[in-house]
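Everything below concerns the one structure shown next.
Numbering (this note's numbering), first residue to last: 2 to 292.
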(Lines of atoms letter the chains of each structure in order from A; the text may use other names.)
(Lines give C-alpha, C1' and ligand atoms only; values in the text may rest on other atoms or scores of the structure.)
Protein backbone atom coordinates (compact mmCIF):
# COMPACT_ATOMS: atom_id res chain seq x y z
CA UNK A 2 0.00 0.00 0.00
CA UNK A 3 0.95 3.62 -0.39
CA UNK A 4 0.12 6.53 1.92
CA UNK A 5 -2.65 8.95 0.95
CA UNK A 6 -1.54 12.26 -0.51
CA UNK A 7 -0.10 14.89 1.82
CA UNK A 8 1.64 18.25 1.64
CA UNK A 9 5.34 18.09 2.44
CA UNK A 10 7.12 20.89 4.33
CA UNK A 11 10.88 21.26 4.92
CA UNK A 12 11.54 24.19 7.29
CA UNK A 13 15.09 25.21 8.14
CA UNK A 14 14.77 26.78 11.60
CA UNK A 15 13.22 25.87 14.93
CA UNK A 16 11.06 29.01 15.12
CA UNK A 17 9.84 28.44 11.56
CA UNK A 18 9.01 24.82 12.38
CA UNK A 19 6.90 25.49 15.46
CA UNK A 20 5.13 28.41 13.78
CA UNK A 21 4.25 26.11 10.89
CA UNK A 22 2.93 23.46 13.27
CA UNK A 23 0.80 26.04 15.06
CA UNK A 24 -0.59 27.21 11.72
CA UNK A 25 -1.37 23.71 10.40
CA UNK A 26 -2.81 22.37 13.65
CA UNK A 27 -3.86 18.77 14.24
CA UNK A 28 -3.61 17.83 10.55
CA UNK A 29 0.21 18.11 10.65
CA UNK A 30 2.74 15.52 11.77
CA UNK A 31 6.45 15.93 12.40
CA UNK A 32 8.77 13.46 10.68
CA UNK A 33 12.37 12.99 11.84
CA UNK A 34 14.09 9.77 10.75
CA UNK A 35 10.74 8.32 9.68
CA UNK A 36 11.61 4.76 10.70
CA UNK A 37 8.32 4.35 12.59
CA UNK A 38 6.10 6.90 10.87
CA UNK A 39 6.70 5.92 7.23
CA UNK A 40 5.60 2.27 7.67
CA UNK A 41 2.50 3.46 9.54
CA UNK A 42 1.67 5.85 6.70
CA UNK A 43 2.30 3.19 4.07
CA UNK A 44 -0.09 0.81 5.83
CA UNK A 45 -2.56 3.68 6.33
CA UNK A 46 -2.49 3.16 10.07
CA UNK A 47 -1.89 6.91 10.26
CA UNK A 48 -3.16 9.65 7.94
CA UNK A 49 -2.04 13.30 7.94
CA UNK A 50 -2.62 16.14 5.51
CA UNK A 51 0.80 17.67 6.19
CA UNK A 52 4.23 16.24 7.01
CA UNK A 53 6.79 18.60 8.49
CA UNK A 54 10.31 17.22 7.95
CA UNK A 55 12.99 18.17 10.49
CA UNK A 56 15.95 17.06 8.36
CA UNK A 57 17.12 20.60 7.51
CA UNK A 58 16.27 22.30 10.79
CA UNK A 59 19.43 23.84 12.25
CA UNK A 60 20.32 23.35 15.91
CA UNK A 61 18.77 19.92 16.43
CA UNK A 62 21.91 17.80 16.07
CA UNK A 63 25.05 17.39 18.13
CA UNK A 64 26.55 16.21 21.41
CA UNK A 65 27.78 18.78 23.92
CA UNK A 66 29.08 18.79 27.50
CA UNK A 67 27.17 21.40 29.48
CA UNK A 68 28.31 21.83 33.10
CA UNK A 69 27.53 18.52 34.88
CA UNK A 70 25.47 17.12 32.03
CA UNK A 71 25.59 16.07 28.40
CA UNK A 72 23.18 17.49 25.83
CA UNK A 73 22.18 15.44 22.79
CA UNK A 74 20.27 17.12 19.98
CA UNK A 75 16.90 15.56 19.22
CA UNK A 76 17.74 14.99 15.53
CA UNK A 77 21.03 13.24 16.33
CA UNK A 78 20.91 9.86 14.65
CA UNK A 79 21.12 6.64 16.59
CA UNK A 80 24.16 5.65 14.52
CA UNK A 81 25.96 8.82 15.64
CA UNK A 82 25.16 8.00 19.27
CA UNK A 83 26.37 4.43 18.80
CA UNK A 84 29.73 5.60 17.41
CA UNK A 85 30.34 8.42 19.90
CA UNK A 86 33.30 7.78 22.22
CA UNK A 87 32.27 10.89 24.18
CA UNK A 88 28.84 9.43 24.96
CA UNK A 89 30.27 5.99 25.68
CA UNK A 90 32.33 7.56 28.48
CA UNK A 91 29.79 10.09 29.78
CA UNK A 92 26.41 8.35 29.27
CA UNK A 93 27.28 4.66 28.83
CA UNK A 94 23.72 3.41 29.27
CA UNK A 95 22.59 5.37 26.21
CA UNK A 96 25.41 3.94 24.12
CA UNK A 97 24.77 0.38 25.29
CA UNK A 98 21.08 0.57 24.50
CA UNK A 99 21.56 1.81 20.95
CA UNK A 100 22.75 -1.42 19.21
CA UNK A 101 19.54 -3.10 20.40
CA UNK A 102 17.44 -0.74 18.27
CA UNK A 103 16.40 -2.44 15.04
CA UNK A 104 19.25 -2.90 12.56
CA UNK A 105 22.04 -0.61 11.40
CA UNK A 106 20.02 0.64 8.42
CA UNK A 107 17.33 1.82 10.84
CA UNK A 108 19.88 3.44 13.17
CA UNK A 109 21.44 5.32 10.25
CA UNK A 110 18.17 7.24 9.81
CA UNK A 111 16.42 6.94 13.16
CA UNK A 112 16.91 9.75 15.68
CA UNK A 113 16.85 9.87 19.46
CA UNK A 114 14.15 12.55 19.47
CA UNK A 115 12.03 10.60 17.02
CA UNK A 116 12.16 7.51 19.21
CA UNK A 117 11.25 9.43 22.35
CA UNK A 118 8.44 11.40 20.70
CA UNK A 119 7.01 8.21 19.16
CA UNK A 120 6.96 6.73 22.69
CA UNK A 121 6.65 3.07 21.75
CA UNK A 122 6.19 1.07 24.95
CA UNK A 123 8.72 -1.55 23.82
CA UNK A 124 11.45 0.88 22.71
CA UNK A 125 14.76 1.17 24.54
CA UNK A 126 15.40 4.94 24.66
CA UNK A 127 12.36 5.86 26.78
CA UNK A 128 13.52 3.46 29.52
CA UNK A 129 17.04 4.91 29.29
CA UNK A 130 15.95 8.52 29.84
CA UNK A 131 13.74 7.42 32.75
CA UNK A 132 16.52 5.54 34.54
CA UNK A 133 18.99 8.42 34.09
CA UNK A 134 16.65 11.25 35.18
CA UNK A 135 17.05 13.00 31.84
CA UNK A 136 15.38 16.30 30.96
CA UNK A 137 13.67 16.70 27.58
CA UNK A 138 13.68 20.14 26.00
CA UNK A 139 10.71 21.22 23.89
CA UNK A 140 10.11 24.33 21.79
CA UNK A 141 6.77 25.89 20.83
CA UNK A 142 5.69 29.34 19.63
CA UNK A 143 5.35 30.20 23.31
CA UNK A 144 8.99 29.45 24.09
CA UNK A 145 11.16 26.69 25.50
CA UNK A 146 10.37 24.35 28.37
CA UNK A 147 12.11 21.41 30.05
CA UNK A 148 10.13 18.25 30.79
CA UNK A 149 11.43 15.64 33.26
CA UNK A 150 11.54 12.19 31.67
CA UNK A 151 9.36 10.90 34.51
CA UNK A 152 6.53 13.16 33.34
CA UNK A 153 7.02 12.90 29.58
CA UNK A 154 5.35 9.59 28.64
CA UNK A 155 1.59 9.58 29.10
CA UNK A 156 0.44 6.28 27.58
CA UNK A 157 0.46 4.29 24.36
CA UNK A 158 2.31 6.48 21.83
CA UNK A 159 1.45 9.44 24.03
CA UNK A 160 3.68 12.21 25.39
CA UNK A 161 3.39 15.63 27.01
CA UNK A 162 4.29 17.34 23.72
CA UNK A 163 1.66 19.71 22.41
CA UNK A 164 0.67 19.73 18.74
CA UNK A 165 2.82 22.81 18.09
CA UNK A 166 5.87 21.59 20.04
CA UNK A 167 8.97 19.72 18.93
CA UNK A 168 11.74 18.09 20.92
CA UNK A 169 14.96 20.03 20.53
CA UNK A 170 17.32 18.11 22.82
CA UNK A 171 17.80 15.79 25.77
CA UNK A 172 20.00 16.61 28.76
CA UNK A 173 21.56 13.71 30.64
CA UNK A 174 22.99 14.49 34.11
CA UNK A 175 26.37 12.90 34.68
CA UNK A 176 26.45 10.08 37.24
CA UNK A 177 29.64 10.66 39.18
CA UNK A 178 31.47 8.30 41.52
CA UNK A 179 31.08 4.54 41.72
CA UNK A 180 28.32 4.10 39.17
CA UNK A 181 27.27 1.16 37.02
CA UNK A 182 24.81 0.80 34.15
CA UNK A 183 23.13 -2.05 32.30
CA UNK A 184 20.32 -2.84 29.90
CA UNK A 185 18.77 -6.25 29.38
CA UNK A 186 15.95 -7.21 27.05
CA UNK A 187 14.31 -10.32 25.68
CA UNK A 188 13.16 -10.32 22.05
CA UNK A 189 12.30 -13.11 19.64
CA UNK A 190 15.04 -12.00 17.25
CA UNK A 191 17.72 -9.33 17.39
CA UNK A 192 16.18 -6.09 16.21
CA UNK A 193 12.62 -7.02 17.18
CA UNK A 194 10.82 -4.94 19.76
CA UNK A 195 11.38 -6.34 23.24
CA UNK A 196 8.85 -8.58 24.91
CA UNK A 197 10.24 -7.21 28.17
CA UNK A 198 13.30 -5.24 29.13
CA UNK A 199 14.94 -3.17 31.85
CA UNK A 200 17.52 -0.44 32.27
CA UNK A 201 19.38 -0.02 35.55
CA UNK A 202 21.64 2.75 36.81
CA UNK A 203 23.11 2.47 40.30
CA UNK A 204 25.64 4.43 42.34
CA UNK A 205 27.36 3.14 45.47
CA UNK A 206 28.96 5.12 48.27
CA UNK A 207 32.33 4.29 49.84
CA UNK A 208 30.68 1.80 52.20
CA UNK A 209 28.95 -0.11 49.39
CA UNK A 210 25.51 1.32 50.12
CA UNK A 211 23.19 2.27 47.27
CA UNK A 212 23.23 6.07 47.14
CA UNK A 213 21.29 6.50 43.90
CA UNK A 214 19.27 4.17 41.71
CA UNK A 215 17.20 4.30 38.53
CA UNK A 216 15.24 1.39 37.04
CA UNK A 217 13.39 1.77 33.74
CA UNK A 218 10.99 -0.85 32.35
CA UNK A 219 9.89 -1.34 28.74
CA UNK A 220 7.56 -3.76 27.01
CA UNK A 221 5.62 -4.11 30.26
CA UNK A 222 2.79 -1.61 29.88
CA UNK A 223 1.27 0.98 27.57
CA UNK A 224 4.37 3.14 28.04
CA UNK A 225 7.87 2.87 29.43
CA UNK A 226 7.79 3.30 33.19
CA UNK A 227 10.01 3.60 36.21
CA UNK A 228 10.14 1.17 39.12
CA UNK A 229 10.11 4.01 41.65
CA UNK A 230 8.99 1.97 44.66
CA UNK A 231 11.89 -0.47 44.26
CA UNK A 232 14.35 2.39 43.82
CA UNK A 233 13.20 3.92 47.10
CA UNK A 234 13.36 0.55 48.86
CA UNK A 235 16.98 -0.22 47.92
CA UNK A 236 18.43 3.29 48.30
CA UNK A 237 20.54 3.58 51.45
CA UNK A 238 20.88 -0.19 51.91
CA UNK A 239 24.15 -2.15 51.72
CA UNK A 240 24.27 -3.62 48.24
CA UNK A 241 25.53 -6.96 49.55
CA UNK A 242 22.21 -7.50 51.31
CA UNK A 243 20.10 -6.86 48.21
CA UNK A 244 19.02 -9.87 46.18
CA UNK A 245 18.86 -9.29 42.43
CA UNK A 246 16.01 -11.78 42.19
CA UNK A 247 14.02 -9.89 44.82
CA UNK A 248 14.65 -6.59 43.00
CA UNK A 249 13.30 -8.13 39.80
CA UNK A 250 10.21 -9.54 41.47
CA UNK A 251 9.53 -6.31 43.35
CA UNK A 252 9.78 -4.30 40.12
CA UNK A 253 6.91 -6.37 38.70
CA UNK A 254 4.69 -6.20 41.76
CA UNK A 255 3.19 -2.77 41.04
CA UNK A 256 2.52 -3.35 37.33
CA UNK A 257 -1.19 -3.51 36.55
CA UNK A 258 -1.29 -2.89 32.78
CA UNK A 259 1.04 -5.55 31.39
CA UNK A 260 -0.21 -6.52 27.91
CA UNK A 261 -1.28 -9.96 26.77
CA UNK A 262 -0.74 -10.50 23.04
CA UNK A 263 0.55 -12.97 20.46
CA UNK A 264 3.94 -13.00 22.21
CA UNK A 265 2.44 -14.32 25.42
CA UNK A 266 0.12 -13.56 28.34
CA UNK A 267 0.79 -10.86 30.91
CA UNK A 268 2.05 -13.38 33.47
CA UNK A 269 4.72 -14.54 31.03
CA UNK A 270 5.88 -10.99 30.32
CA UNK A 271 6.14 -10.31 34.06
CA UNK A 272 8.28 -13.42 34.60
CA UNK A 273 10.55 -12.33 31.76
CA UNK A 274 10.57 -8.76 33.06
CA UNK A 275 11.63 -9.87 36.54
CA UNK A 276 14.52 -11.83 35.02
CA UNK A 277 15.61 -8.84 32.90
CA UNK A 278 15.61 -6.51 35.92
CA UNK A 279 17.60 -9.03 37.96
CA UNK A 280 20.22 -9.48 35.24
CA UNK A 281 20.56 -5.76 34.67
CA UNK A 282 20.82 -5.14 38.43
CA UNK A 283 23.64 -7.69 38.79
CA UNK A 284 25.58 -6.22 35.88
CA UNK A 285 25.17 -2.62 37.01
CA UNK A 286 26.15 -3.38 40.60
CA UNK A 287 29.15 -5.38 39.43
CA UNK A 288 30.35 -2.46 37.34
CA UNK A 289 29.85 0.03 40.20
CA UNK A 290 31.83 -2.17 42.57
CA UNK A 291 34.73 -2.27 40.10
CA UNK A 292 34.98 1.51 39.81
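C-beta: ideal position from N, C-alpha, C; glycine also.
As the structure is a computational prediction, the values presented were derived from the model and not from experiment.
Mind checking if residue 10 is an interface residue toward chain B, Cβ cutoff 8 Å exclusive? Protein chain content of the structure displayed is limited to a single chain, and chain B is not contained in it.
Going by DSSP, name the residue or residues bridged to residue 67. Taking the first residue of the chain shown as position 1, residue 67 is located at position 66. Beta-bridge pairing links residue 67 to 70.
Give me the Cα-Cα distance between residue 1 and residue 202, rounded to the nearest whole angstrom. Residue 1 lies beyond the residue range present for the chain, which begins at 2 and ends at 292; the question has no answer from this structure.
Cα-Cα, which of 163, 285, 224 is closest to residue 215? Counting from one through the chain shown, the residue named residue 215 turns up at place 214. Minimum Cα distance to residue 215 is reached at 285.
From the DSSP output, read off the bridge partner residues of residue 226. Working through the chain shown from its first residue, we reach residue 226 at position 225. Looking at the DSSP output, residue 226 shares a beta bridge with 218.
C-alpha distance - residue 12 paired with residue 291, whole-angstrom precision: For the purposes of this step, residue 12 is identified with residue 11 of the chain shown, where counting begins at 1. For the purposes of this step, residue 291 is identified with residue 290 of the chain shown, where counting begins at 1. The straight-line gap from Cα to Cα measures roughly 48 Å.
Using beta-carbon positions only, say whether residue 118 and residue 27 come within less than 8 Å of one another. Within the chain shown, residue 118 is the residue found at index 117, counting from 1. Within the chain shown, residue 27 is the residue found at index 26, counting from 1. Contact flag unset, no.
From this set, 98, 131, 221, 238, which residue's C-alpha is nearest residue 257's C-alpha? To locate residue 257, count along the chain shown from 1; it is residue 256. It is 221.
At least three beta-carbon pairs within less than 8 Å, the stretch 17 to 33 to the stretch 96 to 105: no
Could you check whether the stretch 238 to 254 touches the stretch 178 to 192, counting it as contact only if at least three pairs of C-beta atoms, one from each stretch, sit closer than 8 Å? No, the stretch 238 to 254 is not in contact with the stretch 178 to 192.
Chain-order list of residues whose beta-carbon lies under 6 Å from that of residue 75 (same chain, five-residue window excluded): On the chain shown, position 74 is the one that residue 75 refers to. Counting only Cβ-Cβ distances below 6 Å, and skipping sequence neighbours, we find 61, 114, 168, 169, 170.
Expected contact under 8 Å - CB spacing of residue 198 and residue 128 to nearest Å: Residue 198 sits at position 197 when you count from the first residue of the chain shown. Residue 128 sits at position 127 when you count from the first residue of the chain shown. Between the beta-carbon of residue 198 and that of residue 128 there is about 7 Å, and that keeps the pair under the 8 Å contact cut.
Span of the alpha helix (DSSP H), counted from its first residue to its last, around residue 242: On the chain shown, position 241 is the one that residue 242 refers to. Unbroken run through residue 242: none, as it is neither H nor E.
Neighbourhood of residue 71 by C-beta, 8 Å cutoff - its chain only, sequence neighbours within 5 removed: Numbered from 1 along the chain shown, position 70 holds the residue referred to as residue 71. Excluding residues within five positions, the ones whose Cβ falls inside 8 Å are 64, 65, 87, 88, 91, 92, 172, 173, 175.
Proximity below 8 Å, CB of residue 83 to CB of residue 110: Looking up residue 83 in the chain shown gives position 82. Looking up residue 110 in the chain shown gives position 109. No, Cβ-Cβ distance for residue 83 and residue 110 is not below 8 Å.
Reference residue 226; option with closest CA among 3, 16, 51, 160: Within the chain shown, residue 226 is the residue found at index 225, counting from 1. The residue with the shortest Cα to Cα distance from residue 226 is 160.
Residue of 224, 177, 116 minimising C-alpha distance to residue 155: Taking the chain shown and counting its residues from 1, the one referred to as residue 155 is at position 154. For residue 155, the nearest C-alpha among the options comes from 224.
Report the start-end ranges of each alpha helix (DSSP H) in the stretch 75 to 151 that is 4 residues or longer and not cut off at the edges. For the stretch 75 to 151, whole alpha helix (DSSP H) runs of length 4 or above, ordered along the chain, are 79 to 84, 86 to 91, 93 to 98, 105 to 110, 113 to 119, 125 to 132.
Under 8 Å by Cβ, that's how I've got residue 300 and residue 235 pegged, so tell me the actual separation to the nearest angstrom. Lying before the first or after the last residue shown, residue 300 is absent from the chain, which here runs from 2 to 292.
Taking only the alpha-carbon atoms, compute the straight-line gap between residue 195 and residue 125 and give it to the nearest angstrom. Along the chain shown, read from residue 1 onward, the residue named residue 195 stands at position 194. Along the chain shown, read from residue 1 onward, the residue named residue 125 stands at position 124. The straight-line gap from Cα to Cα measures roughly 8 Å.
Residues in the same chain with beta-carbon distance under 8 Å from residue 267, minus the five sequence neighbours each way, listed in chain order, please. The count along the chain shown starts at 1 and reaches residue 267 at position 266. Around residue 267: 259, 260, 261.
What number of angstroms, rounded off, separates the C-alpha of residue 51 from the C-alpha of residue 96? Position 50 of the chain shown holds residue 51. Position 95 of the chain shown holds residue 96. A direct Cα-Cα distance of roughly 33 Å separates residue 51 from residue 96.
Which residues DSSP lists as bridging residue 39, in chain order: Here residue 39 corresponds to residue number 38 of the chain shown, with the count starting at 1. BP columns for residue 39 are empty, so no partner.
Strand pairing of residue 51, partner residues [DSSP]: Locating residue 51 in the chain shown gives position 50, where the first residue counts as 1. Answer is 8, 29.
What residues in its chain sit with their C-beta under 6 Å from that of residue 69, if we drop five residues either side in the sequence? Translated into the one-based positions of the chain shown, residue 69 becomes position 68. Closer than 6 Å at Cβ, skipping near neighbours: 175.
So, helix, strand or coil for residue 249, using DSSP? On the chain shown, position 248 is the one that residue 249 refers to. Here residue 249 sits in helix by DSSP.
Ignore the nearest five residues each way along the sequence and tell me which others in residue 283's own chain have a CB closer than 7 Å to its CB. Position 282 of the chain shown holds residue 283. The answer, listed in chain order, is 245.
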